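Student:
Number of protein chains: 2
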Amino acid sequence: MRKITIRDIAREAGVSPSTVSRVINNSAPVSKELKERVLSTIKKLGYNPNPIAQSLRKGFTNTIGFIIPDITNPFFSLIVKGAEEYLKRKKMFLIVCNSNHSVKEEERLLQTLMERKTDGLLFIGAGNRNKIISTSLDKMKIVFVDRVYEKCKAPYVVSNNYKGMKNLIDYLVDTGHKSFVFLNGEKNTYSAKERLRGFLDALKEHKIEEYEVVFGQFTYESGFALAKGLKKIPDAIVCGNDLMAYGAIDALEERGYKVPDDVSVTGFDDLPFSKHYKPSLTTVRQPFYEMGYEAAKILYRLINSKPNIETNVVLETKLVIRETAKPKGGRR
Amino acid sequence: MRKITIRDIAREAGVSPSTVSRVINNSAPVSKELKERVLSTIKKLGYNPNPIAQSLRKGFTNTIGFIIPDITNPFFSLIVKGAEEYLKRKKMFLIVCNSNHSVKEEERLLQTLMERKTDGLLFIGAGNRNKIISTSLDKMKIVFVDRVYEKCKAPYVVSNNYKGMKNLIDYLVDTGHKSFVFLNGEKNTYSAKERLRGFLDALKEHKIEEYEVVFGQFTYESGFALAKGLKKIPDAIVCGNDLMAYGAIDALEERGYKVPDDVSVTGFDDLPFSKHYKPSLTTVRQPFYEMGYEAAKILYRLINSKPNIETNVVLETKLVIRETAKPKGGRR
DNA sequence: TTGTAAGCGTTATCAA
DNA sequence: TTGATAACGCTTACAA
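Those protein sequences? They're chains Z and C, same order as listed. When the letters of the first sequence are read in order and numbered with the working numbering, they come out as residues 230 to 561. When the letters of the second sequence are read in order and numbered with the working numbering, they come out as residues 230 to 561.
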């Protein structure tokens, strides 16, 4: 019960291995007669080409890697789903790798994917201190998703964090909020920086000077801890993402504050769950699925050197008004 | 800037390629002197063996696949994390694949992983109608996780769904619940069947005959829809998993029922979020992380034909009592 | 202990 | 249009 090879097919069909290869790959004209004979013996013997041998010879693998910081965060896995959808159609194989928020692990994965001659990479970085990512760019096509490395010129797909945050703050100011705290995520992260920029610009425009910015991580636990430690409770607590908002709300309620009556809390992402959270979360929707889909598309076109319409994509976000932010009246 | 091969190292170090190979793999004795020379030139030229060539020659890939039904469900991704942890230590590469609840997609992935000579597979099936999984067992080591295929004799790691559910029902009966509805997940799924068995056995023991069982899917949406359609509201609504419970609670509240005052609702899994849900969820904790870790361990030992302590593992669950179930008094 | 050479299963080049 | 042959980069008999 040995594995069937191209030679078996050749022998059985009475042709040379090269002819079989040509039929499989449509890489050169083969007479109709031989083609049919080859095709039918392939079917008869149930032959499948060995992808490893193909890769060794061809130098590519029909494989895309996707490195994400946290497989358990729905935000990332929903992006993956979008990429998956596109690549499935293109018959590419997607390998999902979890760096677990560790730059070191991320470097290890990057290394492995390069050695294995992955054709391209979709990349959501764990921070901005990855040392080998720049050198990787020469060896592999990479598209950055959600988080951009300012240091390296490379295609990216992100959402408009700046504008998303700005619109949110505009809304909060319009509804009477006068003092703010921003519980932000990882300081070095692109998205955290962009959101901060939006936050600060908006406040400046509205001439609001009563605010504070704190950095933590994009997790429930971090949101909880930061909100626990807050000295002064402002009108609105703006969180780096939805998970942090969940954490902050729980912490505030433990401290005896009612959300949104005593303090408004907002998120960023609009995870599917945020609609069902109690109280339901006022937040900014990011187009996860589309982000993954677009990034995969760009990467695919890059790999196959098709002209790309646009390799730097900024997708728009949408303000989602729900219950955790409530108009503040004559307070203070 | 060509890629460095084993031949380059051999030439530079003044030895044969086989010697270099021997040094890399420790596959045969090499004199101390040559060994050092080889090692230092490897370092000097920054050489890494080509894993594809190695795989072609050796017939294995140091790669494990993990097929899961839904990458966005934390339950599955937490299991993956456990497996990841173990395999990282063993220097194995883990490929996560998402079947998206589709048996067809699952078959496609299985096929691909086999062709690519993945050394082993961790498998959480999307249903029980996969046609090629049995034949795959000859070609690849497979460990079933969370869901067993009764049809095929293969190692598995599951949690004790039966006992977990039975204990839950015992608790509900003890706290005065007298009528039940079970909103279960996919009918053909191992875990759904086991939980149902526990449910029915417990009720029988307590001589309770007022109950109903409905099947849906293990998703929020399904829980919501099933609860919406319920004719009679019982004392307790037992859900197939936590996500379904979230959906059911929302549906019930939309219908004007208070949880747990009017009706108790329970989940199964104890997702990290269930503690923070409002009201916090009474549920059954499954040891996700451990499930993944144990499964990876068994698979690894199987691949390297080390004696396995035990290849069929049933991990215990734990009843987690929180707010969504409330003692029912003299009702009805 | 070391080197030579064959082979893993393909595909690309060249000649016919 | 087809076939023989070399090569992709490595490991492993086998010979020395």
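Beta carbons are placed, not taken as given, at the ideal position from N, Cα and C, and that holds for glycine. Nothing here was measured: the structure is a model prediction, and the numbers come from that model.
What does S408 of chain Z touch in chain C if you count any residue whose Cβ is under 8 Å from its own?
Tutor: Simply none; closest approach about 26 Å.
Student: Is there a Cβ from chain C that is less than 9 Å from the Cβ of A477 of chain Z?
Tutor: No, because no Cβ of chain C sits closer than 9 Å to the Cβ of A477 of chain Z.
Student: Can you name the start and end residues of the alpha helix (DSSP H) that L401 of chain C belongs to?
Tutor: L401 of chain C -> alpha helix (DSSP H) spans 390-403.
Student: Relative to the C-alpha of F352 of chain C, which candidate in C:I362, C:A456, C:K504 has its C-alpha closest?
Tutor: Residue C:I362 is the option with its Cα nearest to F352 of chain C.
Student: With a threshold of 16 other CB atoms inside 10 Å of the CB of G349 of chain C, please say whether the residue is buried or exposed.
Tutor: Buried, because 16 or more other Cβ atoms sit within 10 Å of the Cβ of G349 of chain C.
Student: For the stretch 382-389 of chain C against the stretch 523-530 of chain C, do three or more pairs of beta-carbon atoms, one drawn from each stretch, fall closer than 8 Å, so that the two count as touching?
Tutor: The stretch 382-389 of chain C, when compared against the stretch 523-530 of chain C, does touch it at the 8 Å Cβ threshold.
Student: To which residues of the same chain is R560 of chain Z closer than 8 Å at the C-beta, ignoring the five residues directly before and after it?
Tutor: For R560 of chain Z, the predicted structure reports a pLDDT of 44, less than 50, and the residue's modelled location is therefore unreliable. The matter cannot be settled from this model.
Student: Apart from the five residues on each side of it in sequence, which residues of its chain come closer than 6 Å, Cβ to Cβ, to H435 of chain Z?
Tutor: Result list for H435 of chain Z: V402, in chain order.
Student: Mind pulling the alpha helix (DSSP H) runs of 4 or more residues that sit fully within the stretch 324-382 of chain Z?
Tutor: Listed in chain order, the complete alpha helix (DSSP H) runs (minimum 4 residues) inside the stretch 324-382 of chain Z are 332-344, 362-368.
Student: For the alpha helix (DSSP H) containing G427 of chain Z, list its first residue and its last residue.
Tutor: Its alpha helix (DSSP H) spans residues 419-434.
Student: Answer with buried or exposed for G311 of chain C, where buried requires no fewer than 16 other C-beta atoms within 10 angstroms of its C-beta.
Tutor: The residue in question, G311 of chain C, is buried, as its Cβ has 16 or more Cβ neighbours within 10 Å.
Student: Check whether chain Z comes within 9 Å of I296 of chain C, counting only Cβ atoms and requiring the distance to be less than that.
Tutor: Taking Cβ atoms only, chain Z never reaches closer than 9 Å to I296 of chain C, which makes this a no.
Student: Which residues in chain C have a C-beta closer than 7 Å to the C-beta of I570 of chain Z? List them in chain order.
Tutor: Chain Z is shown only over 230 to 561; residue 570 of chain Z falls outside these bounds and no answer can be derived.
Student: For E539 of chain C, tell me which candidate among C:K555, C:V492, C:V372, C:N417 has the shortest Cα-Cα distance.
Tutor: With distances taken between Cα atoms, E539 of chain C lies closest to C:V372.
Student: Output needed in chain order: residues of the stretch 291-322 of chain Z with a Cβ under 7 Å from some Cβ in chain C.
Tutor: Listed by position along the chain: I300, T301, P303, S306, L307, V309, K310, E313, F322.
Student: So, is G427 of chain Z buried or exposed, given that buried needs 16 or more other C-beta atoms within 10 angstroms?
Tutor: With 16 or more Cβ atoms within 10 Å of its Cβ, G427 of chain Z is classed as buried.
Student: Is F305 of chain Z helix, strand or coil by DSSP?
Tutor: Residue state, collapsed to three classes: helix.
Student: Considering only their Cβ atoms, is the gap separating L425 of chain C from N417 of chain C smaller than 9 Å?
Tutor: Not a contact, by the Cβ cut-off of 9 Å.
Student: Cβ of F447 of chain C within 9 Å of Cβ of E415 of chain C?
Tutor: Contact: yes.
Student: Is A282 of chain C close to chain Z? Criterion is C-beta to C-beta, closer than 9 Å.
Tutor: Answer yes: the Cβ-Cβ gap between A282 of chain C and chain Z drops below 9 Å somewhere.
Student: With distances taken Cα to Cα, identify the nearest neighbour of Y598 of chain Z among Z:D430, Z:G393, Z:E379, Z:E439.
Tutor: Since the first residue of chain Z shown is 230 and the last is 561, residue 598 of chain Z is not available in this structure.
Student: Taking 9 Å as the CB-CB limit, is F502 of chain Z close to chain C?
Tutor: Taking Cβ atoms only, chain C reaches closer than 9 Å to F502 of chain Z, which makes this a yes.
Student: So, is the C-beta of R345 of chain C closer than 9 Å to a C-beta in chain Z?
Tutor: Interface residue, yes.
Student: Using a Cβ-Cβ cut-off of 7 Å (strictly less than) and excluding sequence neighbours within five positions of V267 of chain Z, which residues of its own chain qualify?
Tutor: The answer, listed in chain order, is I238, A242, V244, T248, V249, V252.
Student: Using a Cβ cut-off of 7 Å, pull out every chain Z residue sitting near T192 of chain C, in sequence order please.
Tutor: Any question about residue 192 of chain C goes unanswered here, given that chain C covers just 230 to 561.
Student: In angstroms with no decimal places, state the Cα-to-Cα distance between R358 of chain C and V332 of chain C.
Tutor: Taking the straight line from one Cα to the other gives about 7 Å.
Student: Taking contact to mean 3 or more Cβ pairs, one atom from each stretch, closer than 8 Å, check whether the stretch 543-552 of chain Z and the stretch 513-522 of chain Z are in contact.
Tutor: Yes, they touch.
Student: Identify every run of the alpha helix (DSSP H) within the stretch 235-311 of chain Z, keeping only runs that are complete inside it and at least 4 residues long; order them along the chain.
Tutor: Whole alpha helix (DSSP H) segments, 4+ residues: 235-242, 246-254, 261-274, 280-287.
Student: Going by beta carbon distance, what residues of the same chain come within less than 8 Å of K392 of chain Z, once the five residues before and after it are set aside?
Tutor: Excluding sequence neighbours, K392 of chain Z sits near G427, E545, T546.
Student: What do you reckon, are the CB atoms on A474 of chain Z and T553 of chain Z nearer than 9 Å?
Tutor: Result yes, Cβ atoms of A474 of chain Z and T553 of chain Z sit closer than 9 Å.
Student: Within its chain, find whatever has a CB closer than 6 Å to the CB of K320 of chain Z; leave out the 5 residues flanking it on each side and keep chain order.
Tutor: So no residue of the chain qualifies.
Student: If we define contact as Cβ-Cβ less than 9 Å, is H435 of chain C a contact residue for chain Z?
Tutor: It does not; no Cβ of chain Z falls within 9 Å.
Student: Against chain C, which members of the stretch 511-544 of chain Z pass a CB distance test of less than 7 Å?
Tutor: Within the stretch 511-544 of chain Z, no residue has a Cβ that lies closer than 7 Å to any Cβ of chain C.
Student: Would N279 of chain C pass as an interface residue toward chain Z - the criterion being a Cβ-Cβ separation below 9 Å?
Tutor: Chain Z contact via Cβ: present.
Student: By the three-class DSSP mapping on this structure, what secondary structure does S493 of chain C have?
Tutor: Residue state, collapsed to three classes: strand.
Student: Go to F411 of chain C, then tell me how far its beta strand (DSSP E) extends in each direction, as first and last residue.
Tutor: Its beta strand (DSSP E) spans residues 409-413.
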